[in-house]
Amino acid sequence: MDWSFIDFFIMSFLIFACLFSIFIAYNKFDQHKKRSLWIILIFILFLMLWAEMAVGIFDSPIAGD
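See below:
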């Protein structure tokens, strides 16, 4: 696998956005169930975006090789 600078930049942005979103969800919701649900949903969304950009499991325009 030959990663370029832009690949590292995009992945670092995705990780930062995921962690920032989890931080916001953790501080916004007081109920444990809502907080846990939002954090799980954010993490699943991150994993789906990562998988799509890495190998293209959904065949979208952002799919990788």
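Quick note, the sequence shown lines up with residues 16 to 80 if you use my numbering. By construction, the Cβ of each residue, glycine as well, lies at the ideal position given by its N, Cα and C atoms.
Original post:
What alpha helix (DSSP H) runs, 4 residues minimum, are completely inside the stretch 20-48?
Top reply: DSSP runs (the alpha helix (DSSP H)) wholly in the stretch 20-48: 20-43.
Subject >> Cα-Cα separation, Pro-76 to Ile-54 >> reply: Near 27 angstroms, if we compare the C-alpha coordinates of Ile-54 and Pro-76.
Subject >> Straight-line Cα distance separating Ile-21 from Ile-59 >> reply: Distance between the alpha carbons of Ile-59 and Ile-21: 23 angstroms.
**OP:** Answer yes if the stretch 17-31 comes into contact with the stretch 39-54, meaning at least three C-beta pairs across the two stretches below 8 angstroms, and no otherwise.
**Re:** Between the stretch 39-54 and the stretch 17-31 there are fewer than three C-beta pairs closer than 8 angstroms, too few to call the two in contact.
Subject >> Selection from Leu-52, Ile-57, Trp-18 that minimises the alpha carbon distance to Phe-35 >> reply: Ile-57 is the residue among Leu-52, Ile-57, Trp-18 whose C-alpha sits nearest the C-alpha of Phe-35.
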